[in-house]
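Asker: Residue numbering for the sequence shown follows my numbering, starting at 51 and increasing by one per position.
Note that CB positions come from ideal geometry on N, CA and C, so glycine has one too.
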Amino acid sequence: FLQTLVSVSQIICLIFLSDTECHARFKTPEDAQAVINAYTEIKKKYCWKLEILSGDHEQRYWQKILVDRQAKLNQPREKKRGTEKLITKAEKVRLAKTQQASKHIRFSEYD
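Shown next, in the form of structure tokens:
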């Protein structure tokens, strides 16, 4: 899906609403129009329905983006400071090294 749209225009963001519906945000309005102009060719190949959001639908789209962004920014997060933060980082490094060392190395497929 993405490769097909990128072959026509430059996409900034792709948001999947469900298995059958998504919003594609393009770099410029002209890019979106180019996809609509190539619509007949795309529809023949993939049976997709394309439309440019405008008016109330566009307002609801941008409102959803803002609400989702605010929800993400207002999420409480665990604050680690000083030695707690260093200990956590050291544990992550130690775990990564342990996992790397415990990998089984095979030199031939018959071992």
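1) Is it buried or exposed for Ser59, if we count other Cβ within 10 angstroms and need 16 for buried?
2) Would you kindly check if the distance between the Cβ of Leu103 and the Cβ of Tyr111 is under 9 Å?
3) Over the uninterrupted beta strand (DSSP E) stretch that includes Arg144, give me the two end residues.
4) Helix, strand or coil: which one does DSSP assign to Leu55?
5) Could you compute how far the alpha carbon of Ala140 sits from the alpha carbon of Leu123?
6) Measure the Cβ-Cβ separation of Phe76 and Ile92 and say whether it is below 9 Å.
7) Consult DSSP for Ala74 and reduce its assignment to one of helix, strand or coil.
8) Looking at the structure shown, is Asp69 part of a helix, part of a strand, or coil, going by DSSP?
9) Count the other CB atoms within 10 Å of the CB of Leu55; is the residue buried (16 or more) or exposed (fewer)?
Answerer: This is what the structure holds:
1) buried
2) Yes, the pair counts as a contact, with Cβ atoms nearer than the cut-off.
3) Run containing Arg144: none in the beta strand (DSSP E); it sits in the alpha helix (DSSP H), 132 to 151.
4) Here DSSP, grouped into helix, strand and coil, assigns Leu55 to helix.
5) 27 Å
6) At the C-beta level, Phe76 and Ile92 stay beyond 9 Å of one another.
7) In this structure, Ala74 counts as strand in the three-state DSSP scheme.
8) coil
9) buried
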